[in-house]
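First residue of the sequence shown: 0, per numbering that gives the first Met the number 0; consecutive thereafter.
Notes follow the structure.
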Amino acid sequence: MYTSIVRLQNTFGFFTTVAFLIAGLIAATDLLAPRTPSGFLKTTNLQVVKGRPHYYSTKKEEYASIKFNLEADLSSLFTWNTKQVFVYVTAEWGGDGHDATTSAANVTNQAVIWDSIITAPSSDHLGNYGPATLKKLRKSAAGKSIDASRGILSLKNQRPKYQITHPSGKIAETNNVRLRLHYNVQPWVGFLTWNQYSRDFGLWKTLSGGVSASRTLPPVKKADDKKKSAS
0 MYTSIVRLQN
10 TFGFFTTVAF
20 LIAGLIAATD
30 LLAPRTPSGF
40 LKTTNLQVVK
50 GRPHYYSTKK
60 EEYASIKFNL
70 EADLSSLFTW
80 NTKQVFVYVT
90 AEWGGDGHDA
100 TTSAANVTNQ
110 AVIWDSIITA
120 PSSDHLGNYG
130 PATLKKLRKS
140 AAGKSIDASR
150 GILSLKNQRP
160 KYQITHPSGK
170 IAETNNVRLR
180 LHYNVQPWVG
190 FLTWNQYSRD
200 FGLWKTLSGG
210 VSASRTLPPV
220 KKADDKKKSA
230 S
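The following block contains the structure:
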């Protein structure tokens, strides 16, 4: 005879197995939804100054600020299983940054300069939004389980959230600096997936575009230059 505890354990094990099976099937449905993300990035302004890039910096160092234009269509990333999409832009440069022959494929330096979290309508309440923004999001997504329009990004002369620094303390006149668009899809059920650059995976296509032209960072902006630009 089975005891009540053994029967309870068997019942719990059965429902756990069923729950994991259903979760696996839900996660697998993502593979049936095509992903065709695309993006266009262009740097609009580059500046290098010397100072304390953060309030907690202990010494002055060179840091760069890069403004950019971003046009992206990430609407195909939003499905009924999408909780939110994390979008970010990085600045990349190779080697020591001063070798003009450095191959773009051998990138060794990468720094995030801007990021944003785009929630799906069903997870707006989980986002770090103020009351006014949350009310606006809910109004725009009323009656929608999926709001693909949130994946359309259009930023003009966007200021970076984060400055670029280097352990050496010097970053001025760095060569072959380019911007790259990245995304991370966070589903309700399943694995986190990142942007694809190397090859297609079934219906999931590589990110089209999303890389800016290479630029060289300017020399350090001096105090005289700041006065001239302000006048």
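Virtual Cβ for every residue (Gly too), placed ideally from N, Cα, C.
For residue 160, same chain residues with a beta-carbon under 6 Å away, outside a window of 5 residues either side, are 113 in chain order. Every beta strand (DSSP E) stretch that sits fully inside the region 20-52 and reaches 3 residues is listed by chain position as 37-50. The continuous beta strand (DSSP E) containing residue 71 extends over residues 60-72. Beta bridge pairing from DSSP links residue 157 with 67.
In the structure shown, the three-state DSSP call for residue 123 is helix. The residues 9, in chain order, have a CB closer than 8 Å to that of residue 1 in the same chain once the five nearest residues on each side in sequence are set aside.
As a beta-bridge residue in DSSP terms, residue 181 pairs with 87.
Between residue 54 and residue 181, the C-beta spacing is not below 8 Å. In terms of Cβ geometry, residue 145 and residue 119 form a close pair [threshold 8 Å]. Looking at the backbone, the Cα of residue 208 and that of residue 45 are separated by about 21 Å. With contacts defined as CB atoms closer than 8 Å, residue 67 and residue 157 qualify as a contacting pair. Listed in chain order, the non-local C-beta contacts of residue 75 below 8 Å within the same chain comprise 32, 33, 34, 35, 36, 147 and 150, local neighbours out to five positions each way being set aside. Assignment of residue 200 by DSSP, reduced to helix, strand and coil, places it in the strand class. The count of Cβ pairs closer than 8 Å, one atom from the region 175-195 and one from the region 123-131, stays below three, leaving the stretches out of contact.
Taking 8 Å as the cut-off, the Cβ atoms of residue 80 and residue 25 count as close.
For residue 133, the enclosing alpha helix (DSSP H) starts and ends at 130-139. Classified as exposed, residue 17 has fewer than 16 neighbouring CB atoms from the shown chains inside 10 Å of its CB. Taking C-beta atoms under 8 Å as the contact rule, residue 73 and residue 152 qualify, at a distance of about 7 Å. Of the candidates 136, 199, 51 and 91, 91 places its Cα closest to the Cα of residue 107.
Setting aside the 5 residues that flank it on each side, residue 43 is surrounded in the same chain by 66, 67, 68 and 156, each with a C-beta closer than 7 Å to its C-beta; the list follows chain order. Rounded to the nearest whole angstrom, the CA to CA distance from residue 82 to residue 121 is 7 Å.
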